[in-house]
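Residue numbers (our numbering), protein chains in the order written: chain A, 1 to 426; chain B, 1001 to 1297.
Note that the Cβ used here is the ideal one computed from N, Cα and C, for glycine as well.
Comments concern the structure below.
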């Protein structure tokens, strides 16, 4: 019996320690993943909790008499008259008819404030579509004012906590509810309208389209430029001091704060080249500068990951370098390039600072129809709404964040789908 | 001992005048001290397909090939053997200028294909590689279908005028590579799904689809099992009727089986070239003998 331990004894003695450290490492991993998930859950819970109510809105159904005299329409075929008719008067008359006991100017004003002051647009649209409604009475759903809607969503029974609602209004609303005239419905306005000073008329659609056009411009510019740069640097450029310098600078560019790109865009694109400000076009230019380094770096990594044996095979049967790149290297590295592009695009989608510098913080009511129309983008819209004093904008802010997140998730899902489809094994 | 002496006498090369040195050399000494200026044996032939004169290759500062002079005859199979790192693959890759793709690699000297320099500005590297095809160590089919793999070369060189002609080229190439019967029913399946040996034969089919004059094979069987190796060797014998083949191999048995001539490389020098039979039965140089008898390498 010797004192010297055999190899297997030494191994066994150390095994416990090895397994312990492995276990510990695993636990660290699990804890950090749990922490990450918890943060994401908290974020989603908070945003959805605050924002889900924005997808609903209340309307009041009232009988409207399209009285030609009150409207001031003498010729129904004259659209000019339809546009300038006095719809407010008709609405007020209908409301007075519903509550004949209301008297006094202040009382009446409170009554009129039940419905949104943009309700005339609903009637205008109805009459434009169907002129035969003139001098007829129809039930029309008019959306409520934002304060009324907020009260109905959050403060029924807790009137004292919300000072913007009056006791009379509470009474009237109770009556309307009893009569079945108070309707809660999906908030289509939110998805169809542009921005507005009135929360009940404000929508996300203008910002959504602005984001869409801006991203299209960014994608169309940054993807080809970045791929061309990456291919040249990886496959054709000689390896010398100059290409090293370029590489270092591309990496530096990726770390430049985005507001600098905004200033650059302002100075060069708007001031020097005269690109119209506030437009998705100039926004796309600026975001292209910002996303280029991201896409170049990931594209180069993707190109590098193509096995050299494939390149040799192509060259070995007499393909030119260009053929080698276009026939073999690019198809094989495309999934990686797309991943990088989507990451860059997601970054661009969430970018606010540089767009503030080039005027995309404008108050945009009209839906942009092309890349040269003034527009704003989703994150800027969120920024604008979060800054607004009206209480109803709080939930709209959260709802806009939800739309932005949905947009992002859709983009990422598309990227994953494309990568899976294009991926090839070798 | 006696063999070394014979080699000495037959070549008349001056190395190790004193018997004591000979004594020492016959042990494990593999230094370059006694490597001949020109290769022993018959490096040059009449009416060669390819000629190489004073070929030097540098990787940056380091010289990998030293003043190699060698001819490759028409329709012969020439095997290049030697220990690891002796430069045989590097040398092979000079013949279709694959070394161009390696940064820092410089090739000096003269290489001619049918008496035209392959470094000539008038000769495009693309057309050179169409004439001098290559099969690599590791099977490297494109991640495309079997058909696409073979059709790729003819397509980029415009060898087929239509679909039927292309089909024909693919079929004959696969037949020549002995792969047709195994894959004719699954031409549209990915080439990467084949077994290692089949993949290598697919790569050979891909190389011969462009009808090259010379085929370079860089250890084509090193990643294959013995049965697949045997198939490739059979194939090389068949192909040698129509093509000139230069093959680099680690296996001396393989060189003995497939080649007409054998060239022995040592630390970047071409030491001996001769008929395969002569090299393996009666090597002229001490180092060749040491290598083929398995004393190093």
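Legend entry - Straight-line gap, residue 53/A to residue 197/A (C-alpha atoms, nearest Å): Walking along the first chain from the start, residue 53/A turns up at place 53. Walking along the first chain from the start, residue 197/A turns up at place 197. For residue 53/A and residue 197/A, the distance between alpha carbons rounds to 19 Å.
Inset, instruction - Please list, in chain order, all residues of the same chain as residue 7/A whose beta carbon is under 6 Å from its beta carbon, the five residues on each side excluded. - result: Taking the first chain and counting its residues from 1, the one referred to as residue 7/A is at position 7. Taken in chain order, the list of residues that qualify is empty.
Legend entry - Inter-residue spacing [alpha-carbon to alpha-carbon] between residue 1188/B and residue 352/A: By one-based count along the second chain, residue 1188/B stands at place 188. By one-based count along the first chain, residue 352/A stands at place 352. The alpha-carbon atoms of residue 1188/B and residue 352/A are separated by roughly 49 Å.
Legend entry - Where residue 1278/B falls: helix, strand or coil (DSSP): Mapped onto the second chain, residue 1278/B falls at position 278. Three-state result, residue 1278/B: helix.
Inset, instruction - Give a yes or no on whether 9 Å exceeds the smallest Cβ distance from residue 1074/B to chain A. - result: Counting from one through the second chain, the residue named residue 1074/B turns up at place 74. For residue 1074/B, no Cβ of chain A is located within less than 9 Å of the residue's own Cβ.
Inset, instruction - For chain B, find out if any of its Cβ atoms is closer than 9 Å to the Cβ of residue 194/A; answer yes or no. - result: Indexing the first chain from 1 puts residue 194/A at position 194. For residue 194/A, the nearest beta carbon of chain B is not closer than 9 Å to its own beta carbon.
Inset, instruction - Spell out a yes or no on whether the stretch 1116-1134 of chain B and the stretch 1203-1216 of chain B are touching, meaning 3 or more CB-CB pairs, one atom from each, closer than 8 Å. - result: yes
Legend entry - Interface residues of chain B facing residue 310/A [CB-CB closer than 8 Å]: Locating residue 310/A in the first chain gives position 310, where the first residue counts as 1. In chain order, 1140, 1142 and 1143 make up the part of chain B whose C-beta sits under 8 Å from the C-beta of residue 310/A.
Inset, instruction - Could you round the C-beta distance between residue 378/A and residue 207/A to whole angstroms and report it? I think they count as a contact, below 8 Å. - result: Numbered from 1 along the first chain, position 378 holds the residue referred to as residue 378/A. Numbered from 1 along the first chain, position 207 holds the residue referred to as residue 207/A. Yes, residue 378/A and residue 207/A are in contact; Cβ-Cβ is about 5 Å, under 8 Å.
Legend entry - Boundaries of the alpha helix (DSSP H) in which residue 327/A is found, first to last residue: For the purposes of this step, residue 327/A is taken as the residue at position 327 of the first chain. DSSP places residue 327/A in no alpha helix (DSSP H); its state is neither H nor E.
Inset, instruction - Look up residue 1056/B in the DSSP assignment and say whether it is helix, strand or coil. - result: Here the question's residue 1056/B lines up with position 56 in the second chain. Here DSSP, grouped into helix, strand and coil, assigns residue 1056/B to strand.
Legend entry - Selection from 1281/B, 1249/B and 1271/B that minimises the alpha carbon distance to residue 1092/B: Within the second chain, the letter at position 92 stands for residue 1092/B. The residue with the shortest Cα to Cα distance from residue 1092/B is 1249/B.
Inset, instruction - Please determine if the stretch 58-68 of chain A and the stretch 180-187 of chain A are in contact, where contact requires at least 3 C-beta pairs separated by less than 8 Å. - result: yes
Inset, instruction - Could you round the C-beta distance between residue 1221/B and residue 1254/B to whole angstroms and report it? I think they count as a contact, below 8 Å. - result: To locate residue 1221/B, count along the second chain from 1; it is residue 221. To locate residue 1254/B, count along the second chain from 1; it is residue 254. Contact flag correct, Cβ pair sits at about 7 Å.
Inset, instruction - Tell whether a beta-carbon distance below 9 Å holds between residue 1116/B and residue 313/A. - result: Taking the first residue of the second chain as 1, we reach residue 1116/B at position 116. Taking the first residue of the first chain as 1, we reach residue 313/A at position 313. Contact: no.
Inset, instruction - Identify the continuous beta strand (DSSP E) that holds residue 135/A and give its terminal residues. - result: Here residue 135/A corresponds to residue number 135 of the first chain, with the count starting at 1. Careful: residue 135/A lies outside any beta strand (DSSP E) and carries neither H nor E.
Legend entry - Spatially closest choice to residue 235/A from 330/A, 368/A, 162/A and 412/A, by CA coordinates: Taking the first chain and counting its residues from 1, the one referred to as residue 235/A is at position 235. For residue 235/A, the nearest C-alpha among the options comes from 330/A.
Inset, instruction - Tell me where the alpha helix (DSSP H) around residue 168/A begins and ends. - result: Sequence index remark: in the first chain, residue 168/A carries index 168 (1-based). Per DSSP, residue 168/A belongs to the alpha helix (DSSP H) from 167-178.
Inset, instruction - Using the Cα positions of residue 118/A and residue 215/A, report the straight-line distance between them to the nearest angstrom. - result: To locate residue 118/A, count along the first chain from 1; it is residue 118. To locate residue 215/A, count along the first chain from 1; it is residue 215. Their Cα atoms are separated by approximately 32 Å.
Legend entry - C-beta contact flag for residue 1262/B and residue 1276/B at 9 Å: Locating residue 1262/B in the second chain gives position 262, where the first residue counts as 1. Locating residue 1276/B in the second chain gives position 276, where the first residue counts as 1. Taking 9 Å as the Cβ cut-off, residue 1262/B and residue 1276/B qualify as a contacting pair.
Inset, instruction - Measuring alpha carbon to alpha carbon, tell me which of 290/A, 205/A, 293/A and 333/A ends up nearest residue 308/A. - result: Taking the first residue of the first chain as position 1, residue 308/A is located at position 308. Checking every option, the nearest Cα to that of residue 308/A belongs to 333/A.
Inset, instruction - Anything in the stretch 1203-1232 of chain B with a Cβ closer than 9 Å to a Cβ of chain A? List those residues in chain order, please. - result: 1203, 1206, 1207, 1209, 1210, 1212 and 1216
Legend entry - residue 370/A versus residue 320/A: straight-line alpha-carbon distance, rounded: Position 370 of the first chain, counted from the start, is the residue given in the question as residue 370/A. Position 320 of the first chain, counted from the start, is the residue given in the question as residue 320/A. So the two alpha carbons sit approximately 42 Å from each other.
Legend entry - Proximity test, Cβ basis, 9 Å: residue 1152/B and chain A: For the purposes of this step, residue 1152/B is taken as residue 152 along the second chain, with counting starting at 1. Taking Cβ atoms only, chain A reaches closer than 9 Å to residue 1152/B, which makes this a yes.
Legend entry - Proximal chain B residues relative to residue 57/A, where beta-carbon distance stays under 9 Å: For the purposes of this step, residue 57/A is taken as residue 57 along the first chain, with counting starting at 1. Those do not exist, as residue 57/A stays about 54 Å from chain B at its closest Cβ, beyond 9 Å.
Legend entry - Listed by chain order, chain B residues near residue 255/A by CB distance under 7 Å: Position 255 of the first chain holds residue 255/A. Near residue 255/A there are no residues of chain B at all, since even the closest Cβ is about 28 Å away, more than 7 Å.
Legend entry - Min CB distance residue 1116/B to chain A below 9 Å: Within the second chain, numbered from 1, the residue matching residue 1116/B stands at position 116. False, the Cβ-Cβ gap to chain A never drops below 9 Å.
Legend entry - Collapsed DSSP secondary structure at residue 1086/B in the structure displayed: Stepping through the second chain from its first residue, residue 1086/B is reached at position 86. DSSP places residue 1086/B in coil when its eight states are reduced to three.
Inset, instruction - Pick out whichever of 132/A, 178/A and 203/A has its Cα sitting closest to the Cα of residue 188/A. - result: Start at 1 with the first residue of the first chain, and residue 188/A comes out as number 188. Taking only the C-alpha atoms, the option nearest residue 188/A is 203/A.
Inset, instruction - Could you tell me whether the Cβ atoms of residue 1142/B and residue 1087/B are closer together than 9 Å? - result: Position 142 of the second chain, counted from the start, is the residue given in the question as residue 1142/B. Position 87 of the second chain, counted from the start, is the residue given in the question as residue 1087/B. The answer is no: Cβ separation not under 9 Å.
Inset, instruction - Could you spell out where the alpha helix (DSSP H) holding residue 246/A opens and where it closes? - result: Taking the first chain and counting its residues from 1, the one referred to as residue 246/A is at position 246. Per DSSP, residue 246/A is one residue of the alpha helix (DSSP H) stretching across 241-254.
Legend entry - Enclosing alpha helix (DSSP H) for residue 1150/B [first to last residue]: Mapped onto the second chain, residue 1150/B falls at position 150. From DSSP, the alpha helix (DSSP H) with residue 1150/B extends over 1146-1157.
Legend entry - Integer-rounded CB distance, given that residue 262/A should sit under 8 Å from residue 358/A: In the first chain, residue 358/A corresponds to position 358, counting from 1. In the first chain, residue 262/A corresponds to position 262, counting from 1. Going by Cβ atoms, the distance from residue 358/A to residue 262/A rounds to 6 Å, so yes, they are a contact pair.
Inset, instruction - To the nearest angstrom, report how far apart residue 412/A and residue 1193/B are at their CA atoms. - result: Taking the first residue of the first chain as position 1, residue 412/A is located at position 412. Taking the first residue of the second chain as position 1, residue 1193/B is located at position 193. Taking the straight line from one Cα to the other gives about 31 Å.
Legend entry - Nearest candidate by alpha-carbon position, reference residue 142/A, set 83/A, 176/A and 373/A: Working through the first chain from its first residue, we reach residue 142/A at position 142. Of the candidates 83/A, 176/A and 373/A, the one whose C-alpha sits nearest the C-alpha of residue 142/A is 176/A.
Inset, instruction - Could you list which residues in chain A have their beta carbon closer than 7 Å to that of residue 1068/B, in chain order? - result: Mapped onto the second chain, residue 1068/B falls at position 68. Chain A residues near residue 1068/B: none, gap ~22 Å exceeds 7 Å.
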